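Structure, as structure tokens:
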Amino acid sequence: MAIDNIRFSREELARYNRHMIIPDFGEVAQKKLKASKVLVIGCGGLGSPALLYLTAAGIGTIGIIDFDVVDDSNLQRQVLFDIHEIGKPKVEAAKRRLESLNPHVHFKLYNTHLNSENALDIFREYDVVADGTDNFPTRYLVNDACLLLDKPNVYASIFQFEGQVSVFNYVNAQNVRGPNYRDLYPVPPPPGLVPSCAEGGVLGVLPGIVGSLQALEVIKIITGVGEPLSGRFFTFDALNFENRTFNIKRRPDNPVNGKNPTITHLIDYEQFCGMRAVEEKPLKEITAVELYDWQVQGKKFQLIDVREPYEYNIVQIGGELIPLSTIADQAGRISRDMDVVIHCKVGGRSGKAIRELEEKFGFRNLYNLKGGILAYIDQVKPELTKY
Amino acid sequence: MATVVIPTPLRKFTNQTAKLQVSANTIGEVIDSLTRDFPDLKKHLLDDQGKVRSFVNIFAGDEDIRDLQEEKTVVGEATIVSIVPAIAGGVHFK
């Protein structure tokens, strides 16, 4: 929304008065906040303070993603919640608290696991993403989705007594793009070298400090006030009360936005982080170009689309629609006496469908369309709608 | 001599010491000295080929050694060497 169209009610003018009287902030910056849309990923230890301050500051629309419910072990640090919310979905509990703090903010809730299938659709409508998740696969997923969609990513992370903050993929006024998480950490630690949950833990006040810094950087990016923490990497050691700010740079070998990118779609991040059992035997695959050849040649085969009906309505390539959740019930529709190609959006759900059909029903004639319908559109039918 | 800052997750391998004085002229010598004195640190800092792991960043002063001369980066008396591993939050296995 253009800030020229932003108006404040008398209540809002009173509420934001202490912002507007800052000489370098003023009404213009406050209008930018109201015009903006911010997505906060995870409403736990980091998300709690970040959401409270972003809401109080008057962001126009705040999206909140979290799949979890409030647990009493959260209350040691997740200051959004109280004992009455235990057992309730976090995003709903957060909204109740935040709406009572500032009724002028619009909230969008995503009570779901963020994954490679839904991330781009969710991220697309926001201006800034604030990553406060708690695991490596989601870190890389959020990073890559922000790169693919050209969004700044305000990163904050905590462990025990240590905090880290940076602003990734930020394009400055000179049109120079800053580094991102893959420039800083090209690969995640293998699970065996990461301290286990029992050794983990976090001092409750630390996410309060670090999540507040995250909200600060979000506000700076939106308003253009100050110098964002781009190209710099802030670390805080609460035990010794020492902080350091390191310089970080983009790397030419970054697989998403380096000189020769090899990752052009979201991938399987649990596998990337070594969290998936490696003994799974590989699936038979077919590329988009091979599939197109089969179609053009008139080869006899069956094409199955395991996406959801709403996705099928956006774009489809002639497959029979059998959503993944119904695949076992509808296995009778799948041919056993010719080759069958199964596809979804990027190849994850179709892979699951094939494993289920092979294990439960003994199919041996199933091929996974590599890269899903998106690869097909990219490589064969660029005129079709991507989503 | 250089001062090495050990991050919280690795302090259990350094008898909970957060800062160490190490006699060394380069980052490579700093790492050699650390892993000699604290052998359990080795697999967390170095891969099988003896290279610094890519989920561990080492900074000489404010600069990433990958932007300097990597392990050959010279350290002096006043250099603070920081070891900063990737951290993701409280949950690591799902």
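Keeping their order, the protein sequence lines are chains A and B. For what it's worth, the working numbering labels the leading residue of the first sequence as 1, then goes sequentially. For what it's worth, the working numbering labels the leading residue of the second sequence as 1001, then goes sequentially. The beta carbon of each residue, even a glycine, is placed where N, CA and C say it ideally should be. Quick caveat: nothing in here was measured; it's all calculated off a predicted structure.
Asked, Found
"Rounded distance between the beta-carbons of LEU80/A and LEU120/A, thought under 8 Å", "Not really, about 27 Å apart at Cβ, beyond 8 Å."
"Within chain A, partners of ALA1002/B - CB distance below 8 Å", "The premise fails here: ALA1002/B is roughly 15 Å from chain A at the closest Cβ pair, so nothing lies under 8 Å."
"Members of the region 180-192 of chain A near chain B, C-beta cut-off 8 Å", "LEU184, TYR185, PRO186, VAL187, PRO188, PRO189 and PRO191"
"GLY258/A versus ASP1032/B: straight-line alpha-carbon distance, rounded", "32 Å"
"Classification of SER73/A by the beta-carbon crowding that lies within 10 angstroms, buried from 16 upward", "exposed"
"Positions along the region 145-162 of chain A whose CB lies within less than 7 Å of some CB in chain B", "SER157, ILE158, PHE159, GLN160, PHE161 and GLU162"
"DSSP state of LYS37/A mapped onto helix, strand, coil", "strand"
"Identity of the residues DSSP links to HIS106/A by a beta bridge", "THR61/A"
"Interface flag, GLU1063/B vs chain A, CB-CB below 7 Å", "yes"
"Which of helix, strand or coil DSSP assigns to LEU229/A", "coil"
"Every unbroken alpha helix (DSSP H) within the region 42-94 of chain A, with a cutoff of 4 residues, ordered by chain", "47-57"
"In DSSP terms, what ASN135/A is bridged to", "Note: ASN135/A sits in no beta bridge, so no partner."
"First and last residue of the uninterrupted beta strand (DSSP E) at SER1023/B", "That residue, SER1023/B, is in no beta strand (DSSP E); it is neither H nor E in DSSP."
"Three or more C-beta pairs below 8 Å linking the region 201-221 of chain A and the region 154-164 of chain A", "yes"
"Within-7 Å CB hit, ASP253/A to chain B", "no"
"Spatial neighbours of LEU384/A in its chain, beta-carbon cut-off 7 Å, leaving aside the 5 residues before and after", "VAL315 and ILE377"
"With 16 other Cβ atoms within 10 Å as the buried cut-off, status of ASP401/A", "This structure cannot speak to residue 401/A, because chain A is shown only from 1 to 387."
"Burial state of PRO1039/B (16 or more Cβ within 10 Å)", "exposed"
"C-beta atoms of ILE1027/B and ILE1065/B nearer than 7 Å", "yes"
"Cross-strand partners of GLU391/A (DSSP beta bridge)", "The requested residue 391/A does not occur in the structure, where chain A is confined to residues 1 to 387."
"Same chain only: Cβ atoms within 7 Å of GLY319/A, ignoring 5 sequence neighbours per side", "LEU303, ILE304, ASP305 and HIS343"
"Counted within 10 angstroms of its Cβ, other Cβ atoms place PRO282/A as buried (16 or more) or exposed", "exposed"
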